[in-house]
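Since the structure comes first, as structure tokens, the remarks are kept for the end.
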Amino acid sequence: MEGPQGMHRGGDDREGFSVELDPLSNVVRVAAWGFWGPDVALAFSRDVLLVCAGARVRFGLLVDCSGLNPQRAEGQEAWGRWMLETGPRLGRACAAVPNAVTKLQLVRIAKASHGQGWTFFSTIEAALLALAAYKSQGEDR
Amino acid sequence: MMRDEDDVGAASARFYEALNQLNRGNPGPMAEAWHQTPRVTNAHPLGEWAHGWEQVWASWQEISQSARNGNIVARDVRIFVYGSVAYTTCVEDVAVTFGPNSLRWRANVTNIFHKAGGEWKIIHHHSDKAQAIADAVDQMADV
């Protein structure tokens, strides 16, 4: 579902996600939370790919996984498809994943999905700093 | 009462055998150790709460994909039975290989069991967090 400022949001307050592109900074911001059912996983796969397709090559990704549980097979497949299909156009992805089991899962999926541009942190502050450092180096140009 | 305590002790032993299997890459026996209902809960040494069997099982499966050579010993197991519910306290001595890291830690643990359908099975597992395993995951996060 598309919101007033181009934000796509799926699911609900218990299990869901949001994704939006800041065209000025060329950064896609994603938030994900909860334990997804098949419908949310499918919507996530569709919406993040759509928004990332609108970003310029070597775009940045800031992913906030606060409150995201380790996922069922459908959720794992959605993350893997996203990492694989955006990989060639991605500059750097910085993900905050406080739940260590979820981090373990996303790291495993990234390794299996050629997610070399992904880095995982425990806090959103650390992820923001890393993405800012990447942007200041002008690597998105 | 003694019969129930013996049966809870056997259920606890099955859980720890399953935990060892899981930490050697075989999660299957863990599924048999639990009552698979929406009203079960789990907190790992490295994770946050998992609520309901589906979340609990997803987290156990994930850990089994990375853990190897698990050797977990439950020491000083104390059993307390209250009708069809019982809890145990113990100290876990854990040795496991996680990614490239061989880890050891000790944790205080509480487990709760429920007798349903004539069978005692675990419905709640709570272990102290272990910094060693959180650090190991951070090292593995360098994609």
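Protein chains in written order, with this note's numbering: chain A, 18 to 158; chain B, 7 to 149.
Where a beta carbon is used, it is the ideal one built from N, C-alpha and C, also for glycine.
Query	Result
Counterpart residues of A:D39 in DSSP-defined beta bridges	A:V44
Cutoff 6 Å; reference A:L71; Cβ partners in own chain excluding five residues on either side	According to the sequence provided, residue 71 of chain A is Gly. The question's Leu does not apply to it. Answer for A:G71: L38, listed in chain order.
For B:A92, three-class secondary structure by DSSP	strand
Chain-ordered residues of the region 121–136 of chain A with a beta carbon less than 9 Å from chain B	L121, Q122, L123, V124, R125, A127, K128, G132, Q133, G134, W135, T136
Rounded straight-line distance, which links the Cα of A:L123 to that of A:S153	26 Å
Beta-carbon gap between A:M100 and A:G77 smaller than 8 Å	no
A:G92 beta carbon less than 8 Å from that of A:W53	yes
Proximal residues to A:G84 (C-beta, below 7 Å), its chain only, five neighbours per side dropped	W50, G51
DSSP state of B:R84 mapped onto helix, strand, coil	strand
Buried versus exposed call for B:F86 [16 or more other C-beta atoms within 10 Å across all chains shown]	exposed
Segments assigned beta strand (DSSP E), at least 3 residues, entirely inside the region 43–113 of chain A	44–50, 76–81, 107–113
A:D157 to A:L66 span [Cα, whole Å]	In this prediction, A:D157 scores a pLDDT of 49, lower than 50, which makes its location untrustworthy; the coordinate-derived value is nonetheless stated afterwards. For A:D157 and A:L66, the distance between alpha carbons rounds to 19 Å.
Secondary structure of B:V14, DSSP reduced to three states	helix
Residue-level contact to chain A via CB, B:H130, 8 Å cutoff	no
Residue burial classification, B:S18 (beta-carbon count within 10 angstroms, cutoff 16)	buried
Simplified DSSP assignment, three categories, for A:T140	coil
Where B:R30 falls: helix, strand or coil (DSSP)	coil
B:A113 Cβ short of 7 Å to the ligand ADP heavy atom set	No copy of the ligand ADP occurs in the structure displayed, which carries no ligand at all.
Distance between B:A16 and B:E133 (C-alpha atoms, nearest Å)	For clarity, residue 133 of chain B is Ser in the given sequence; the question names Glu instead. So the alpha carbons of these two residues sit roughly 20 Å apart.
Segment limits, beta strand (DSSP E) that includes B:A56	55–57
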